[in-house]
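Asks: Residue numbers (the working numbering): 5 to 119.
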């Protein structure tokens with residue numbers, strides 16, 4: 005091994021590693037704040053022109069189901085379909101919001117599992 009070569013880690017590589025560690029720490033801190041923010045969000049999905057509304061948090065926790073008295077005039081199968089459609093709408097909007105916030109947080113980093 006020649007003088008100053010170390011393990012193939014020059015100062016430039018060491019600086020890159022340090023920068024990567026700092027960025028990872030920033031992302032981790034941001035992820036904690038984001039998780040708290042998502043828990044406080046209320047995202048609503050609806051079906052049947054508002055006959056059924058489902059509210060979820062930003063991290064997909066179901067919070068509330070509202071069924072209009074007019075929806076109770078429907079048969080059980082139709083009401084079930086409305087609840088399912090409203091739940092799917094809330095879920096899709098919640099996951100889209102979470103994905104968008106995570107992309108903002110990571111600032112375009114190419115992190116595995118977040119695509």
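Quick reminder that beta carbons are idealized off the backbone N, C-alpha and C, glycines included.
Keep in mind it's a predicted model, so treat the numbers as computed, not measured.
For the ligand FMN, is there any heavy atom lying closer than 7 Å to the beta carbon of residue 44?
Replies: This structure lacks the ligand FMN; in fact it carries no ligand of any kind.
Asks: Identify which residue in 27, 51, 19 and 23 has its Cα closest to the Cα of residue 110.
Replies: Reading the chain shown from its first residue, position 106 is the one you call residue 110. Minimum Cα distance to residue 110 is reached at 27.
Asks: Give me, in chain order, the residues of the same chain whose beta-carbon lies closer than 7 Å to that of residue 93; leave out the 5 immediate sequence neighbours on both sides.
Replies: Taking the first residue of the chain shown as position 1, residue 93 is located at position 89. Answer for residue 93: 49, 50 and 51, listed in chain order.
Asks: Starting from the N-terminal side, write out each stretch of the beta strand (DSSP E) that is 3 residues or longer and does not extend beyond the region 10–79.
Replies: Here the runs fully enclosed are 47–51, 56–60 and 66–71.
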